[in-house]
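Residue numbers (this note's numbering), protein chains in the order written: chain U, 12 to 229; chain A, 12 to 229.
There are 2 protein chains.
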Amino acid sequence: MKEFLPQLGKPRPERADAVRNRALLLAAARALVAERGASDVTMDELAARSGLGKGTVFRRFGSRAGIFQALLDEEERSLQQAVMAGDPPLGPGAPGLERLVAYGTARIGFLFDNHEIARASLDGGQKIPAGESPLSRLHIRMLLGEIRPAFGDLDVLAAQLTGALDGPLMLQLPTEDLSSAAAARQRKRLMQGWTELVTRLCALPHRGPSEEAHGVHR
Amino acid sequence: MKEFLPQLGKPRPERADAVRNRALLLAAARALVAERGASDVTMDELAARSGLGKGTVFRRFGSRAGIFQALLDEEERSLQQAVMAGDPPLGPGAPGLERLVAYGTARIGFLFDNHEIARASLDGGQKIPAGESPLSRLHIRMLLGEIRPAFGDLDVLAAQLTGALDGPLMLQLPTEDLSSAAAARQRKRLMQGWTELVTRLCALPHRGPSEEAHGVHR
Numbered sequence: 012m013k014e015f016l017p018q019l020g021k022p023r024p025e026r027a028d029a030v031r032n033r034a035l036l037l038a039a040a041r042a043l044v045a046e047r048g049a050s051d052v053t054m055d056e057l058a059a060r061s062g063l064g065k066g067t068v069f070r071r072f073g074s075r076a077g078i079f080q081a082l083l084d085e086e087e088r089s090l091q092q093a094v095m096a097g098d099p100p101l102g103p104g105a106p107g108l109e110r111l112v113a114y115g116t117a118r119i120g121f122l123f124d125n126h127e128i129a130r131a132s133l134d135g136g137q138k139i140p141a142g143e144s145p146l147s148r149l150h151i152r153m154l155l156g157e158i159r160p161a162f163g164d165l166d167v168l169a170a171q172l173t174g175a176l177d178g179p180l181m182l183q184l185p186t187e188d189l190s191s192a193a194a195a196r197q198r199k200r201l202m203q204g205w206t207e208l209v210t211r212l213c214a215l216p217h218r219g220p221s222e223e224a225h226g227v228h229r
Numbered sequence: 012m013k014e015f016l017p018q019l020g021k022p023r024p025e026r027a028d029a030v031r032n033r034a035l036l037l038a039a040a041r042a043l044v045a046e047r048g049a050s051d052v053t054m055d056e057l058a059a060r061s062g063l064g065k066g067t068v069f070r071r072f073g074s075r076a077g078i079f080q081a082l083l084d085e086e087e088r089s090l091q092q093a094v095m096a097g098d099p100p101l102g103p104g105a106p107g108l109e110r111l112v113a114y115g116t117a118r119i120g121f122l123f124d125n126h127e128i129a130r131a132s133l134d135g136g137q138k139i140p141a142g143e144s145p146l147s148r149l150h151i152r153m154l155l156g157e158i159r160p161a162f163g164d165l166d167v168l169a170a171q172l173t174g175a176l177d178g179p180l181m182l183q184l185p186t187e188d189l190s191s192a193a194a195a196r197q198r199k200r201l202m203q204g205w206t207e208l209v210t211r212l213c214a215l216p217h218r219g220p221s222e223e224a225h226g227v228h229r
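Have a look at this one:
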């Protein structure tokens, strides 16, 4: 797993004041989001609440979306820890397909729980990646390599499955009222759909042409 | 198809001045994008170039992303026409799976050709849907209903496949240098990946448990 996820859990070293400013700003963002949701929070308010100058905030995060991206990264850290070193099947030790099901289910839950922040981190004017965690794609790619489904291009399949996981929540699901009963049903349906999707794709008793040609046996 | 796509190709009637303003603004946006790309174009420039007041532009489109969303909708109209009334397999008349392959391939091509505008239309602060075309999801859902793959929840599968189609280009692919040879390879790989994905999902000689239980024959 190391070669796919070299940077996770190990943020680049930052200068002490940058670390402090980042912590202040993320605390302010968390507080404002808890008080009244992400959608109305402005750069000015974030700067005022954190006690930092607007220039500092802008230089450090580039935009409002950049701040929410940083906040999302923070929130994601416990999911990353669970994936890298937690109990199976989310953590190491379970068969690849079980881990893939567990990861997708956890990611859908994470995106529901942090939907406002995740949406607020999206900004098409920003550089990619924003709004999509590289963790998803790298981890899914690694698991696919382990499962070895009969697909030619596992990099593309990993990108598509990441899209299947993040797309409905980031691009399609309305933001309103995610605590409603309808949202709870939607969450369950997406989790079941993910399980069905990857099980169908990966559990086929099918050998790809290249494997047959090279006489590969599992 | 009608019940899924009632609004396509039939924009709501607008007042004459609104129609004129929209046309002026989209022409200005197109010109500015052609001159130097979408990423640097500001609301102020769009207003100035179109000869409209900034207030008018803001009221009509809400934000910079809203303008690019409107531009993307315009550009998408010829794809919509091809899907609704063009030649098979993109248009009606071919088997569902062939149409699904053709639609995904066309959508990937469209998102490559309009990548800058598509990215610029993304704004997490805006109401959903933005950045994802309902056409994709509705059309894919309709085709899945025709193909009837052995999945329980075709609405969720349609949402996931839409994410598999749009996610890599909207959330993952870096914006730089889409005319390079590497980008051309990427485009081809995504198209092949889509073909493989939906073929595997839909062409399985597999009957779902509910069909077996109810003795459904095809």
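Backbone N, C-alpha and C define an ideal beta-carbon position, used for all residues, glycine too.
- Secondary structure at residue 134/U: strand, using DSSP grouped into helix, strand and coil.
- Proximity to residue 214/U across 108/U, 164/U, 147/U peaks at 108/U, based on C-alpha coordinates.
- In this structure the region 174–181 of chain A touches the region 113–131 of chain A; the number of beta carbon pairs closer than 8 Å is three or more.
- In this structure, the beta-carbon distance from residue 167/U to residue 156/A does not fall below 7 Å.
- The three-state reading of DSSP puts residue 57/U in helix, counting H, G and I together.
- 38/A is the residue among 49/A, 78/A, 105/A, 38/A whose C-alpha sits nearest the C-alpha of residue 61/A.
- Fewer than three pairs of CB atoms, one per stretch, sit closer than 8 Å, so the region 77–88 of chain A makes no contact with the region 109–117 of chain A.
- Residue 127/A holds the alpha-carbon nearest to the alpha-carbon of residue 47/A among 152/A, 127/A, 31/A.
- Around the beta carbon of residue 30/A, fewer than 16 other beta carbons sit within 10 angstroms, so the residue counts as exposed.
- Residue 28/A carries a helical assignment under DSSP once its states are collapsed to helix, strand and coil.
- DSSP places residue 89/A in the uninterrupted alpha helix (DSSP H) bounded by 75–96.
- By the C-beta criterion, the region 158–167 of chain U is judged not to be in contact with the region 76–83 of chain A, since fewer than 3 inter-stretch pairs fall below 8 Å.
- Against chain A, the beta carbon of residue 207/U has neighbours under 7 Å at 162, 163, listed in chain order.
- Rounded to the nearest angstrom, the Cβ distance from residue 135/A to residue 134/U is 6 Å, consistent with a contact under 8 Å.
- Taking 8 Å as the Cβ-Cβ cut-off, the region 176–187 of chain U approaches chain A at 176, 177, 178, 179, 181, 182, 183, 184, 185, 186, given in chain order.
- Inclusion of residue 169/A and residue 158/A in the CB contact set at 7 Å is not warranted, their separation being larger than that value.
- No residue range can be given for residue 183/U, since it is assigned to no alpha helix (DSSP H) and is classified by DSSP as neither H nor E.
- With a cutoff of 7 Å on beta-carbon distance, residue 111/A and residue 146/A are scored as not near each other.
- Residues of chain U with a Cβ closer than 9 Å to the Cβ of residue 173/A are, in chain order, 174, 175, 178, 179, 182, 183.
- In the three-state scheme derived from DSSP, where H, G and I count as helix and E and B as strand, residue 211/U is classed as helix.
- For residue 124/A, the enclosing alpha helix (DSSP H) starts and ends at 107–124.
- By the neighbour-count criterion, in which 16 or more other beta carbons inside 10 Å mark a residue as buried, residue 130/U falls on the buried side.
- Within the model, the alpha-carbon separation for residue 64/A versus residue 49/A is close to 20 Å.
- A buried status is given to residue 132/U, since no fewer than 16 other beta-carbon atoms sit within 10 Å of its beta-carbon.
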